[in-house]
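Worksheet: one structure, shown below.
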């Protein structure tokens, strides 16, 4: 089977690369992609004293790393999470949540402003002691 016809893993190459860089000596990327036995061996040997760790980082970055089923880990992002889909309004729930968050922050800013004005008035009238 050639590389072009070999099936591609559903696992994200970006996540695997991040896990390999951050926790590769402990085999985190291998636990993510499936070969758990070799992940345990990586943790025990601290990434093969760094050699196995570096090899895996290079293989993932080059797109040659395979998961437990022998499928290449090639995709950089999850399905439907392409930048084009997100820019074309692919996530309307995110827009709605962002608008609600903006509204809440605006309301909180107004309340804080009101509370500051009330405290200033009370201090001016001598009802509150001045801070030291």
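In the working numbering, the protein residues as written are 31 to 162.
Note that the Cβ used here is the ideal one computed from N, Cα and C, for glycine as well.
Exposed or buried, residue 128, counting other C-beta atoms within 10 Å across all chains shown (16 or more means buried)? exposed
Chain-order list of residues whose beta-carbon lies under 8 Å from that of residue 60 (same chain, five-residue window excluded): 66, 68, 69, 72, 86
Backbone CA spacing between residue 89 and residue 132 [nearest angstrom]: 43 Å
Rank 105, 145, 53 by C-alpha distance to the C-alpha of residue 42 and give the top, closest one. 105
Take residue 38 and list the residues in its own chain whose beta-carbon comes closer than 7 Å to its own, dropping the five residues that flank it on each side. 101, 102, 104, 105
Kindly indicate which residue of 92, 144, 96, 57 has the alpha-carbon position closest to the one of residue 79. 57
With DSSP collapsed to three states, give me the class of residue 101. coil
With burial defined as no fewer than 16 other Cβ atoms inside 10 Å of the residue's Cβ, what is the status of residue 145: buried or exposed? By the 10 Å Cβ count, residue 145 comes out exposed.
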